[in-house]
Amino acid sequence: DADGERMTPTHSLKKGKRYRYYVSAALISAGRDKAGKGQRLPAAAIEAIVGRRIGDWLADLPGVMEALRTGGPDQSARNQKDIAAAVARLASRWDELPAQDLRQFLRTVCTRIEVRHDQVEIGLSGEALARQLGVPIMAKDGIAPGEAAPITLVVPVRLRRAGLEMRLIVEDGTEPARIDHGIIRVL
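Residue numbers (my numbering): 2 to 188.
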């Protein structure tokens with residue numbers, strides 16, 4: 002969370018519907034009255050922001066190539082083409098990945114997701130990404146072969162309190178879709 006504290010997945014049931022959240026450890030152990038700090042964020046909103054940002058980044062082939070390039074121009078053109086093709090394949094089917102495959106990919110590649118007051122930072126492992134893509138990491142001076150620098154993606158957001166939970170508002174105006182079940186029932 003914004004205070005560097007670990008968050009735990011949890012859920013609540015309301016009228017038979019399950020609502021998933023990520024909750025700061027302070028809120029779980031001490032409760033809201035004693036904790037004072039901490040966050041309770043809707044899981045679907047965080048997951049949508051992270052998934053969308055990684056998908057957008059994968060569609061930026063030069064950015065991905067640079068992140069996986071721990072090396073200079075000595076890398077063979079064949080390896081570069083293989084990496085570009087693997088990234089393009091994943092990016093083209095990103096939105097259609099089955100939930101289980103997407104979850105496994107994120108668990109493998111994401112090293113840390115930090116929700117701050119003004120941004121969400123997504124840490125990715127370059128080595129894990131290369132393994133998922135089935136491609137080698139390009140060598141670079143000063144970095145051992147097979148190692149890649151950590152990748153950090155940032156999404157500018159604002160946190161706004163809505164009752165007990167916090168609401169994420171993405172700064173570029175692409176707020177995660179929110180379904181109003183009350184209106185749907187009325188219709």
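Idealized CB from N, CA, C, for every residue including glycine.
For the alpha helix (DSSP H) holding residue i, just list the boundary residues, first then last.
i	result
Leu69	62 to 69
Arg108	100 to 110
Find the nearest neighbour of residue i within the set the options, judged by alpha-carbon distance.
i	options	result
Ala3	Gly39, Lys15, Cys111, Ser93	Gly39
Glu128	Ile152, Gln105, Lys16	Ile152
Gln81	Arg159, Leu14, Leu134	Leu134
Leu194	Asp57, Leu160, Ala68	No information on residue 194 is available, as it lies outside the stretch 2 to 188 that the chain covers here.
Leu62	Val156, Ser93, Arg117, Leu107	Ser93
Thr112	Ser126, Ala86, Val187, Gln105	Ser126
Pull up the distance between the alpha-carbon of residue i and that of residue j, whole angstroms please.
i	j	result
Pro146	Trp95	Residue placement at Pro146 cannot be trusted, given a pLDDT of 49 that sits under 50; what the coordinates show is reported in the next sentence. Rounded to the nearest angstrom, the two C-alpha atoms are 28 Å apart.
Ile144	His12	A caution first: Ile144 carries a pLDDT of 49, below 50, which makes its placement in the model too unreliable to give a value.
Ala100	Ser30	31 Å
Val156	Val121	5 Å
Val158	His118	7 Å
Val88	Ala46	25 Å
Lys15	Arg132	41 Å
Thr9	Glu97	27 Å
Arg186	Val24	29 Å
Leu130	Val110	6 Å
Val136	Asp83	7 Å
Ile114	Leu69	20 Å
Gly17	Ala60	39 Å
Gln105	Gly124	16 Å
Gly73	Gly64	Bear in mind that a pLDDT of 48 at Gly73, under 50, signals an unreliable position, so the model cannot answer this.
Please state if the CB of residue j and the CB of residue i are separated by a distance shorter than 8 Å.
i	j	result
Ala26	Glu6	yes
Val54	Leu160	Here residue 54 turns out to be Arg, not Val, going by the sequence shown. Going by C-beta atoms, Arg54 is not nearer than 8 Å to Leu160.
Arg21	Ala44	yes
Val51	Leu107	yes
Leu28	Val116	no
Ala86	Met66	no
With residue i as the anchor, note down where its beta strand (DSSP E) starts and where it stops.
i	result
Glu122	120 to 125
Val24	18 to 25
Pro10	8 to 15
Pro43	41 to 43
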